[in-house]
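At position 38 of the sequence shown (counting the first as 1) the number is 1055 in my numbering, and the numbers step up by one without a gap. The beta carbon of each residue, even a glycine, is placed where N, CA and C say it ideally should be. Quick caveat: nothing in here was measured; it's all calculated off a predicted structure. One structure is given here, and the rest of the page talks about it.
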Amino acid sequence: MGQEETGAKMDGKLADNVPAHSLGLRPGDLVDLVITQDFYRDIVDNRPSVFWGQGPQGVLCAQTGPPLAAGEVGQALQLTFLEPAPQGPPRRLGYTATLLALASGGPGPGQEGPALLLSAPGGPLEEISLRRYHRVEVRRDMGIYLVMQPHAGHPHLHNFSLGGLLASFAGDPRHEMGQPLQVNLIFSDGGRVVAEALVNRVAHDPQANRTFVGLKFTRVPVTSARVLQRKVSRYSCPSQGEDLGRVER
């Protein structure tokens, strides 16, 4: 894909022959490439890149760091960016693309560098969230129980996702940042999730004398991962991905 096809010139104009669904970006605009390598595990990359142009062969972006390799050609990923001229609050838009080839490109002739050729959008752009996982807020009537080891007593489960969970218990903090724990999620309607996790949030509310602990899953066996995915999908579908919970993971 040469510079004549992409229209990636210093004046910011795109080629005349642009696919029907244009990104509406100018060369040099910042984009993000979101790469999911394993749906069931916490291996989701969000790699900054630069848009160089869009033409008949597809969309040209700068190579990411760490770079995508030749073996990843054909892989699906998401190209996202903040709306260039938003009417109101800015939105993050994007689409699912395919990595077509490793290429070269840049802002103008003689300024080429490693680049990526992606498929162009085949339909209107969608609003995208960079949040990795939808969180499920847990109510007492849902019959979901949490056991953490080592931990004495029964912690209260506030929310969970494919990436981790938020729990609390009465009293002073008992865990340290980075501490490994064994997690058991038990669903009264059937199913159990066993996972290894690390403590990544600790907050104490002295007025309520309660400690909140955020956990990030580090290893989820395949069987448990499938149960977890089904439960998250079941409880998330009615809200269609609304923002659940307040603790980032």
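Exposed unless 16 or more other CB atoms sit within 10 angstroms - verdict on residue i
| i | result |
| --- | --- |
| D1158 | exposed |
| D1049 | buried |
| A1086 | exposed |
| P1141 | exposed |
| S1205 | exposed |
| P1065 | exposed |
| P1167 | exposed |
| L1071 | Leu is not the amino acid found at residue 1071; the sequence shown has Gln there. By the 10 Å Cβ count, Q1071 comes out buried. |
| G1170 | exposed |
| P1044 | buried |
Other residues of its chain near residue i: CB distance less than 7 Å, five sequence neighbours each side excluded
| i | result |
| --- | --- |
| A1132 | W1069, L1077, C1078, A1079, Q1080, A1120, S1121, G1122 |
| N1226 | A1187, G1188 |
| L1116 | L1085, E1089, V1090, G1091, Q1092, L1094, L1133, L1135 |
Cβ shell of residue i (< 6 Å), same chain only, five flanking positions each side left out
| i | result |
| --- | --- |
| V1164 | N1201 |
| E1213 | T1235, R1236 |
| R1138 | According to the sequence as given, residue 1138 is Pro; it is not Arg. Correct list, in chain order: H1038, Y1112. |
| P1190 | V1219, H1221, T1228 |
| V1210 | L1202, S1241, V1244, L1245 |
DSSP-derived helix/strand/coil call for residue i
| i | result |
| --- | --- |
| G1075 | strand |
| A1137 | coil |
| E1144 | strand |
| V1239 | helix |
| R1109 | strand |
| S1066 | strand |
| G1088 | helix |
| L1050 | strand |
C-beta contact flag for residue i and residue j at 8 Å
| i | j | result |
| --- | --- | --- |
| V1216 | L1245 | no |
| G1231 | L1174 | no |
| G1195 | K1233 | no |
Residues of its chain near residue i, where Cβ-Cβ distance is below 8 Å and the 5 sequence neighbours each way are ignored
| i | result |
| --- | --- |
| E1129 | Q1020, S1121, G1122, G1123 |
| E1100 | P1107, R1108, R1109, L1110 |
Residue i Cβ short of 7 Å to the ligand NAD heavy atom set
| i | result |
| --- | --- |
| N1226 | Among the components modelled here there is no ligand, and therefore nothing to report on the ligand NAD. |
Legend entry - Segments of 3+ residues assigned as beta strand (DSSP E) that fall wholly inside the stretch 1156 to 1230: Complete beta strand (DSSP E) runs here, min 3: 1161 to 1166, 1173 to 1177, 1181 to 1187, 1197 to 1204, 1209 to 1222.
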